[in-house]
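Undergrad: Quick one: the structure is below, questions incoming.
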Amino acid sequence: MSRLIEGGSDGRQPLVSGISTIASERVSGKYRNKVLFAVGCTIPLFIVTILATGATVFMLVAGVGDRLMGR
């Protein structure tokens with residue numbers, strides 16, 4: 262687990278390089294590229310989902326605020 266905190270020597274984000282390092286160590290060479298591809302695709306999807314959720318909540322709060330102000 263210390264690799265997750267320290268990060269890899271490739272200069273990427275610590276968490277991402279840590280996950281890919283663990284994945285490439287645990288998985289045989291046959292599936293390594295598929296696992297790294299899946300990890301690489303999943304993390305941006307999480308980021309987009311979080312941003313979309315934040316935007317939705319912000320719009321809901323702004324709409325409620327406008328109604329309370331009587332606009």
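Final position of the sequence shown in this note's numbering is 332; the numbers increase by one with none missing.
Ideal Cβ positions, reconstructed from N, Cα and C, are used throughout, including at glycine.
#1: What is the DSSP secondary structure of K295, counted as helix, strand or coil?
#2: Quick check on G301: does DSSP put it in helix, strand or coil?
#3: Distance check for P305 and V322, CA to CA, integer angstroms please.
#4: Quick check: what's the CA-CA separation for G315 versus G290?
TA: Looking at the coordinates:
#1: Helix.
#2: In the three-state reduction of the DSSP assignment, G301 falls in the helix class.
#3: Roughly 26 Å separates the two Cα atoms.
#4: Across the structure, G315 and G290 are spaced so that their CA atoms are roughly 38 Å apart.
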